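Beneath this line is the structure, given in structure tokens, with notes to follow.
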Amino acid sequence: MRSQEVAELAGVSVRTLRHYHQIGLLPEPERRSNGYRRYDLATIATLLRIRRLTELGVPLNEVGAMLEEAPAADVLEEVDRSLIDAIERLQEQRHQIARLRESGRRADVPEGLAELISLGPSGPSAGVLGQMDQDALLLIARVVGVDHLTRQGLDDLADALRPLLADPDLAAVSARFDRLADDASREEAFDVADAMAAVLTPMVARLEQTETARAIGRAGDRWPDVSQDGRLNPAQARAMRRLLESLREDGPGPAPR
1 MRSQEVAELA
11 GVSVRTLRHY
21 HQIGLLPEPE
31 RRSNGYRRYD
41 LATIATLLRI
51 RRLTELGVPL
61 NEVGAMLEEA
71 PAADVLEEVD
81 RSLIDAIERL
91 QEQRHQIARL
101 RESGRRADVP
111 EGLAELISLG
121 PSGPSAGVLG
131 QMDQDALLLI
141 ARVVGVDHLT
151 RQGLDDLADA
161 LRPLLADPDL
171 AAVSARFDRL
181 ADDASREEAF
191 DVADAMAAVL
201 TPMVARLEQT
211 ETARAIGRAG
221 DRWPDVSQDG
231 RLNPAQARAM
241 RRLLESLRED
251 GPGPAPR
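If you're matching positions, the sequence shown starts at 1 in the UniProt record's numbering and goes up one per residue.
Spelled out as structure tokens, the structure:
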């Protein structure tokens, strides 16, 4: 029988069949004079036994030994524990999906983060700063673990973000930042950055009192340099560098490298 026929008979892909050969799990039959491999009954039966064990969840590095002798009890116990863990993960995933369907929140970000992102505008209407803010929150979720924060921690952060997002002065200066042309002068870029710093400095001071901000500070050396974000044109990048320098000078809060 040919490889394709054997794979179809066993219910595996040809790629899987070749992988078993490569790792030495399934003996590789010799090629016949016509160039095709000769799969005999014993080889096919071994393939079926391998498939049975992998379907049970036995790791490939354990399958070889189990083909030689009766499955060891401790191996099966470990497989059983792994399956229990997998079932628990799947159940939690179903619970999260149910909550997402009920709330209508976006599914591509962690649950706790979705609450915070929903406070501000999203998509192209958010402008380049709004988009970068949302991306920064996603990185925060990864580094800090927003979903593992206490309910109070999330509430405190949301309470600190609401006035920031609703501030008309910040909205106005953010719009000025978005409108900075590629060839805007150094003075114009610095003027926008200084105006943003004046608005943001007291807000950052309030944010630094939250549980999340303190966790961000502990991981501050892991942030990318946001002034090099590809969405910023040269003038906006210059303004961002100026803004970050101003915020670092005005307080000890976390700052990107």
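For glycine and all other residues, C-beta sits at the position ideal for the given N, C-alpha and C.
In this text, all values refer to a predicted model and were calculated from it rather than measured experimentally.
Three-state secondary structure (DSSP) of residue i
i: residue 241; result: helix
i: residue 89; result: helix
i: residue 31; result: strand
i: residue 99; result: helix
i: residue 231; result: coil
i: residue 60; result: helix
i: residue 13; result: coil
i: residue 248; result: helix
i: residue 104; result: coil
i: residue 185; result: coil
i: residue 69; result: coil
i: residue 163; result: helix
i: residue 131; result: helix
i: residue 26; result: coil
i: residue 208; result: coil
Start-to-end residues for the alpha helix (DSSP H) that takes in residue i
i: residue 51; result: 41-56
i: residue 4; result: 3-10
i: residue 226; result: Per DSSP, residue 226 belongs to no alpha helix (DSSP H) and is neither H nor E.
i: residue 36; result: Segment: none, residue 36 is in no alpha helix (DSSP H) and carries neither H nor E.
i: residue 170; result: 168-179
Closest by C-alpha distance to residue i, when choosing among the options
i: residue 76; options: 174, 56, 87; result: 56
i: residue 223; options: 159, 97, 201, 137; result: 137
i: residue 42; options: 236, 18, 33, 6; result: 6
i: residue 246; options: 209, 229, 233, 201; result: 201
i: residue 11; options: 52, 78, 69; result: 52
i: residue 35; options: 91, 171, 94, 2; result: 2
i: residue 19; options: 206, 60, 81, 169; result: 60
i: residue 249; options: 229, 233, 205, 186; result: 205
i: residue 9; options: 39, 95, 129, 91; result: 39
Beta-carbon spacing of residue i, residue j below 8 Å
i: residue 189; j: residue 238; result: yes
i: residue 199; j: residue 226; result: no
i: residue 14; j: residue 22; result: no
i: residue 131; j: residue 231; result: yes
i: residue 139; j: residue 203; result: no
i: residue 184; j: residue 235; result: yes
i: residue 178; j: residue 127; result: yes
Would you check if the region 14-30 and the region 40-47 touch, i.e. whether three or more CB-CB distances between them fall below 8 Å?
-> Touching, per the Cβ criterion.
At least 3 beta-carbon pairs within less than 8 Å: the region 186-198 vs the region 229-248 | yes
How about the region 60-71 and the region 86-103: do they share at least three Cβ pairs that are nearer than 8 Å?
-> No, they do not touch.
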